[in-house]
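The structure under discussion appears below in the form of structure tokens.
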Amino acid sequence: MSEQKRRPEDDGRDFANAAWSIPSYVLSGIIVYGGIGWLLSRWTGVVAFTPIGLILGVVLSVYLVYRKYGR
Amino acid sequence: MSTLTLLASGDEFKAPGLELFEFPPIINGVPWFTKPVLVAILSTVIVLIFTWSAFAKPKLVPRGMQNLGEMGYTFVRDQVARPFLGKDADRWMGLLLSLFFLIWIWNLMGVIPGIQFPVVSHIAFPFVLAISIYILKLYLGFKHQGFFGYFKNMMFPPGLPKPIYLLLAPIEFLSNMIVAPFTHAVRLFANMFAGHIILAFFSLVGFWFLFENLTPLGAPLGVLGVLMTIGMTVFEMFIQFLQAFLFAMLAAMYIGNSLHPEH
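Spelled out as structure tokens, the structure:
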């Protein structure tokens, strides 16, 4: 968020942006980091990488949404 | 096997399934011309006639069709276009209004007696619309922010600590470039697909237990089926409107984000 003056209608836009971006972001996070974790599991044979990747993906995407729209 | 032959052969209730969405060609030898295509074309003509009669000869004091059309226009402008496009809203009203009306009529075909098929429950239809919006979104993004600027604004939004970008940029990229258009289409498709199955299921329950296989024990279930059909039809009509609105709203959101990057 920048310092420029905010118009009231921007708040509605941000809210809708956030609301409709969250599922897309969380899904993407799961795919990217779950995918990396899955590949690591296959490569190293350590099964634990897949769930770690999945959870990391969710955490990162929620953090992204929080930083982008949360304040 | 179609539902009717199943009804005739067995004496057990069989819930409707995917055969609801399979249609033979209407004209022999033209495999693509099936009921969904016919309904889609018919709905397009309806939207054309409606908008033509509403907006072709506008009067200062709106009457009849123009009244109805202006109600729709005001709704789309105030709820869909303005919140996302601000002062650009009027330029995009043509696209958004057509999208909204077309999808709404397509969806409404799911509850019109005799037709009863929501067009977008065939996934190709929402995908074509979503891909068109996607191409428009990319074109506008490249045009207004530059090719690299668009990706920079998308993947590296300002205000994050530096090392985090490395972790978050892939999520942003995947979300905006692949997942967003995909969910845009699938949201509309899945709602209409599921709604159609629900309606078919409850009406078949009513039909089966009250007409095909009337028994003292089954009759109350049949009555319940009929009541549920009525209730779900009302609910479905609400969902149909909501999904048409959402599709147009998300289109406006994507266009708005391409015209003006998020802060």
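Residue numbers (full-length UniProt numbering), protein chains in the order written: chain A, 1 to 71; chain B, 1 to 263.
We put the CB at the ideal spot given by N, CA and C, even for glycine.
In the structure shown, the three-state DSSP call for Trp-32 of chain B is coil.
Here Lys-59 of chain B is exposed. Its C-beta has fewer than 16 other C-beta atoms within 10 Å. Proximity to Trp-38 of chain A across A:Leu-60, A:Ile-52 and A:Trp-20 peaks at A:Ile-52, based on C-alpha coordinates. Straight-line spacing of the CA atoms in Met-155 of chain B and Ile-197 of chain B works out to 40 Å.
Only Leu-27, Ser-28, Gly-29, Ile-31 and Val-32 from the segment 26 to 42 of chain A bring a Cβ to less than 7 Å from some Cβ of chain B. For Val-186 of chain B, the closest C-alpha among the options B:Met-232, B:Ala-244 and B:Thr-229 is that of B:Ala-244. For Leu-54 of chain A, there are no C-beta contacts with chain B under 8 Å, since the nearest C-beta of that chain is about 13 Å from it. Annotation for Ile-31 of chain A: Gly-57 place their beta carbon closer than 8 Å to its own, counting only its chain and skipping 5 residues before and after. The C-beta of Ala-18 of chain A comes no closer than 8 Å to any C-beta of chain B. By the criterion of at least three beta-carbon pairs nearer than 8 Å, the segment 249 to 256 of chain B is in contact with the segment 68 to 88 of chain B. In the structure shown, Phe-238 of chain B adopts helical secondary structure according to DSSP, grouped into three states.
Within the same chain, Cβ atoms closer than 6 Å to the Cβ of Val-80 of chain B are found at Leu-96, Ala-248, Met-249 and Ala-252, the five residues on either side in sequence being excluded. For Pro-23 of chain A, the neighbours in chain B by C-beta distance under 7 Å run, in chain order, Thr-183.
When secondary structure is reduced to three states using DSSP, Pro-16 of chain B falls in the coil class, being assigned neither helix nor strand.
For Pro-181 of chain B, the enclosing alpha helix (DSSP H) starts and ends at 180 to 207.
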